[in-house]
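Working notes, beginning with the structure itself.
2 protein chains.
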Amino acid sequence: MNGSLAIGIDLGGTNLKVAVVDRQGRIAAQQVGPTNAERGPQPIIEDMAALANLVLRDASSCGDCAGVGVGSPGPLSLRTGRVIRSANLPGWEDMPLRDLLAQRLSLPVILENDANAAAYGEFWMGAGRDGADMVMLTLGTGVGSGVILDGRLVHGHFENAGELGHMIVVPDGLPCGCGQRGCLEAYASATSVTRRVIAAMEEGKRQEAKGAILTPTSLRPGAGPLREASRVPSSLAWDASTIADRARQGDPLCSRVWSEACIYLAIACISIQHAFNPARVILGGGMAQAGAFLRDNVIQELHRRQWSLHSDLPAIVLAELGPDAGVIGAAGLVFANCHESW
Amino acid sequence: MNGSLAIGIDLGGTNLKVAVVDRQGRIAAQQVGPTNAERGPQPIIEDMAALANLVLRDASSCGDCAGVGVGSPGPLSLRTGRVIRSANLPGWEDMPLRDLLAQRLSLPVILENDANAAAYGEFWMGAGRDGADMVMLTLGTGVGSGVILDGRLVHGHFENAGELGHMIVVPDGLPCGCGQRGCLEAYASATSVTRRVIAAMEEGKRQEAKGAILTPTSLRPGAGPLREASRVPSSLAWDASTIADRARQGDPLCSRVWSEACIYLAIACISIQHAFNPARVILGGGMAQAGAFLRDNVIQELHRRQWSLHSDLPAIVLAELGPDAGVIGAAGLVFANCHESW
């Protein structure tokens, strides 16, 4: 595969991000537009092609383009280059995204799972760049993940490996959007942490309306799903960063929900350790905006639970590329040219 | 690597098994002797060499020997060919087994984790032979496992990947010999199932001695660790097969312990599905002597818990090679010659 540049596309439910990346992993030009997912696939694919042409023009002095990498929500069929379906992209059913985009751009296109593309970005140019075996967990709307062993993304027989957000960490635990119960995603995504805090506050309001007198410490200590009640002020715009801040300040509800997220992340990291034996597990996404407060909590819970048979605990580190990991990784896959479907 | 034969060695805590295997996976000659592990490593390595020479003599008319594969308990250092330590082999500390055996036999030697060797045997000649991506769980004294992706054993950065018996299936659950709590091994090994039934019977005796009147249904329905009490007759020689038989006949204690083993196996299979996306998970070891009663129970629990996003559930199948998987797999690794350390 020749060419000194590659296009990386990150197809999100909210934004469409297109970048031209050089072989050193630097973004030479970038465009971001709203996905407007409700329009269905065809206009979105047209937008992807249009933005790709824009960034190519912007970076035309930098060299030739080797091809296009697209990180897309899945499940996907990598062999046929199709999006099988997507929870956040209505109308994408068995959509031959790879070939449609290749036709429009007259360039070879690689399709990859969005979380895998981000993991590959961190592997190539971020927190995983000095090793061959790593796992990335992207703790955002859901918990996405990608696994790299011997420098290659793991896909497995059904091409859907590395969906570690759906490892079960609590038997018969909280329901997950996927239909299972007790998934890591139900405890450790930015969305689920926020949802649990808000649900507890609403329960608190209901109980106060019935005459209950709640204090911040009236939070029940058990692990019952979404039945906590608390008086945490509801005037804040709640997101994972706010919750991390308030947990750091000692708020009981936020501390408990944050701590449970870290405990189940640690338990997941132990299962990841024994499954893949990676050198490191990289934490990214909205939850990782809490930085060391996330990382150190997970490490602490990990050390409390680790085995004694071997010194093979992965290092827990923070992602380095932030929201650029997806486009950088998608472009990196073009250079690596590691897909047989090319 | 030339030669139509390879030697496979299965170094167990109880028995030492040495076989000559041809390129079709057939055992041409075999010797089994007691390990007598208390003797320490040197005499055992001499026995391995002596048994290898015996089987080579027995099979000398069949062709030349390409090399020796050894499946050993671990953790191991594959790069240096050393046994780092072993719970069942006293005195094996940083033991250069590969090189010591190669010197004695004047043949190249591959060292591999025993559960990985068994998994490779099933991949090469058993229940995994028509696919490239599989996981094997050996439910015996512990829960050993091996993972094969794209036709190769997964080792990971610390060379200790695929220790799936120590995935955590119950947060803060039963203690495991490894120092963690809630490992799959604590619920689904033949040993742990037997231990749990016996502990419940002993608790029953203690309670009856104090005047409690127990019936088989007095078994508490909760999941408290080892606090069950039951009147199940203690005259039987208890092992996993007996427990499976009695569970099949409806005995409440055995049914509950057996059922929990199957539930946690199903939960582990779901996490394995999302981690590796294998075509199949192969169940072997003492628990698998229950055959379809194990397999069908695990499948039933799996179907109750599976996700709805993709049709990527692995097939759950029984191992086919029984106790020969280890020697066949170890020999197969010689033919595959897939170790850089060769």
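Protein chains in written order, with numbering that gives the first Met the number 0: chain A, 0 to 341; chain B, 0 to 341. Ideal placement from N, C-alpha and C gives every residue a C-beta, glycine not left out.
Under 7 Å from the C-beta of residue i: neighbouring residues of chain A
i	result
asparagine 159 of chain B	Asn276, His309 and Asp311
proline 74 of chain B	Leu308 and His309
Cross-chain neighbours of residue i in chain B, by beta carbon under 7 Å
i	result
glutamate 162 of chain A	His273
leucine 148 of chain A	Val153 and Gly155
Cβ shell of residue i (< 8 Å), same chain only, five flanking positions each side left out
i	result
serine 240 of chain B	Gly285, Gln288 and Ala289
isoleucine 281 of chain B	Ala118, Glu121, Gly125, Ala126, Gly127, Met133, Val134, Met135, Leu136, Val316, Leu317 and Ala318
phenylalanine 334 of chain B	Met0, Ala5, Arg22 and Ala65
serine 3 of chain A	Asp21, Arg22, Cys61, Gly62, Asp63 and Ala65
glycine 29 of chain A	The sequence as given places glutamine at residue 29 of chain A; glycine does not occur at that position. Taken in chain order, the residues that qualify are Lys16, Val17, Ala18, Val19, Val54 and Val326.
Within chain B, partners of residue i - CB distance below 8 Å
i	result
aspartate 132 of chain A	Gly155 and His156
cysteine 261 of chain A	The premise fails here: cysteine 261 of chain A is roughly 12 Å from chain B at the closest Cβ pair, so nothing lies under 8 Å.
Per-residue burial, residue i [other beta carbons within 10 Å of its own, 16 or more giving buried]
i	result
glycine 223 of chain B	With a pLDDT of only 37 at glycine 223 of chain B, under the threshold of 50, the placement of this residue in the model should not be trusted; the figure read from the coordinates follows. The residue in question, glycine 223 of chain B, is exposed, as its Cβ has fewer than 16 Cβ neighbours within 10 Å.
glutamine 272 of chain B	buried
histidine 302 of chain A	exposed
aspartate 46 of chain A	buried
glycine 321 of chain B	exposed
asparagine 276 of chain B	buried
threonine 13 of chain A	exposed
aspartate 323 of chain A	buried
glutamate 111 of chain B	buried
alanine 208 of chain A	exposed
aspartate 295 of chain A	exposed
leucine 43 of chain A	The sequence shown places isoleucine at residue 43 of chain A, not leucine. The residue in question, isoleucine 43 of chain A, is buried, as its Cβ has 16 or more Cβ neighbours within 10 Å.
alanine 36 of chain A	buried
glycine 249 of chain A	exposed
arginine 255 of chain A	buried
alanine 49 of chain B	exposed
proline 220 of chain B	In this prediction, proline 220 of chain B scores a pLDDT of 36, lower than 50, which makes its location untrustworthy; the coordinate-derived value is nonetheless stated afterwards. Classification of proline 220 of chain B: exposed, given that the 10 Å Cβ count is below 16.
glycine 203 of chain A	buried
aspartate 93 of chain B	exposed
aspartate 113 of chain A	buried
aspartate 311 of chain B	buried
glycine 210 of chain A	exposed
Cross-chain neighbours of residue i in chain A, by beta carbon under 8 Å
i	result
isoleucine 167 of chain B	Val168, Ile266, Ile269, Ser270 and Arg304
glycine 178 of chain B	Gln305, Trp306, Ser307 and Leu308
Contacts around residue i, its chain only, beta-carbon distance under 6 Å, and the 5 residues preceding and following it disregarded
i	result
alanine 27 of chain B	Val19, Asp21, Ala58 and Cys61
arginine 279 of chain B	Met133, Pro313, Ala314 and Val316
glutamate 300 of chain A	Cys261, Ile262 and Ala265
cysteine 268 of chain A	Val280 and Leu301
aspartate 9 of chain A	Lys16, Gly70, Gly325 and Val326
serine 85 of chain B	Pro72 and Trp91
alanine 116 of chain A	Gly70, Gly325, Gly328 and Ala329
asparagine 159 of chain A	Pro74
valine 297 of chain A	Cys261, Leu264, Ala265 and Ile315
Whole-number beta carbon distance between residue j and residue i, since they are thought to touch under 8 Å
i	j	result
valine 326 of chain A	glycine 7 of chain A	4 Å
leucine 96 of chain B	arginine 81 of chain B	7 Å
glutamate 166 of chain A	serine 270 of chain A	Reading the sequence as shown, one finds methionine at residue 166 of chain A and not glutamate. 6 Å between Cβ atoms; contact.
asparagine 87 of chain B	proline 72 of chain B	6 Å
alanine 131 of chain B	glycine 155 of chain B	Not confirmed; about 18 Å, so no contact.
valine 108 of chain A	valine 69 of chain A	6 Å
valine 142 of chain B	alanine 187 of chain B	6 Å
alanine 199 of chain B	leucine 252 of chain B	6 Å
leucine 138 of chain B	glycine 11 of chain B	Their Cβ separation, rounded to whole angstroms, is 15 Å, which puts leucine 138 of chain B and glycine 11 of chain B out of contact at 8 Å.
proline 170 of chain A	valine 67 of chain B	Going by Cβ atoms, the distance from proline 170 of chain A to valine 67 of chain B rounds to 43 Å, so no, they are not a contact pair.
Own chain partners of residue i with C-beta closer than 7 Å, once the 5 adjacent residues on each side are dropped
i	result
arginine 247 of chain A	Phe292
glycine 172 of chain A	Arg180, Gly181 and Ala185
glycine 90 of chain A	Gly39 and Pro40
tryptophan 237 of chain B	Thr193, Val196 and Ile197
serine 76 of chain B	Ile83 and Glu158
aspartate 98 of chain B	Gly80
Neighbouring residues, chain A, relative to residue i (Cβ below 9 Å)
i	result
proline 89 of chain B	Going along chain A, no residue has its Cβ under 9 Å from proline 89 of chain B, so there is no contact; the nearest lies around 15 Å.
message = Would you call the segment 169-181 of chain A in contact with the segment 306-324 of chain B, where contact means no fewer than 3 C-beta pairs closer than 8 Å?
response = Taking 8 Å as the limit for Cβ pairs, the verdict is that the segment 306-324 of chain B does touch the segment 169-181 of chain A.
Counting pairs of beta carbons, one from the segment 238-254 of chain A and one from the segment 186-193 of chain A, are three or more of them closer than 8 Å? Counting Cβ pairs under 8 Å, three or more are found: they touch.
Item to complete: Would you check if the segment 98-108 of chain A and the segment 140-156 of chain A touch, i.e. whether three or more CB-CB distances between them fall below 8 Å?
Response: Judged by Cβ distances under 8 Å, the segment 140-156 of chain A makes no contact with the segment 98-108 of chain A, as fewer than three pairs qualify.
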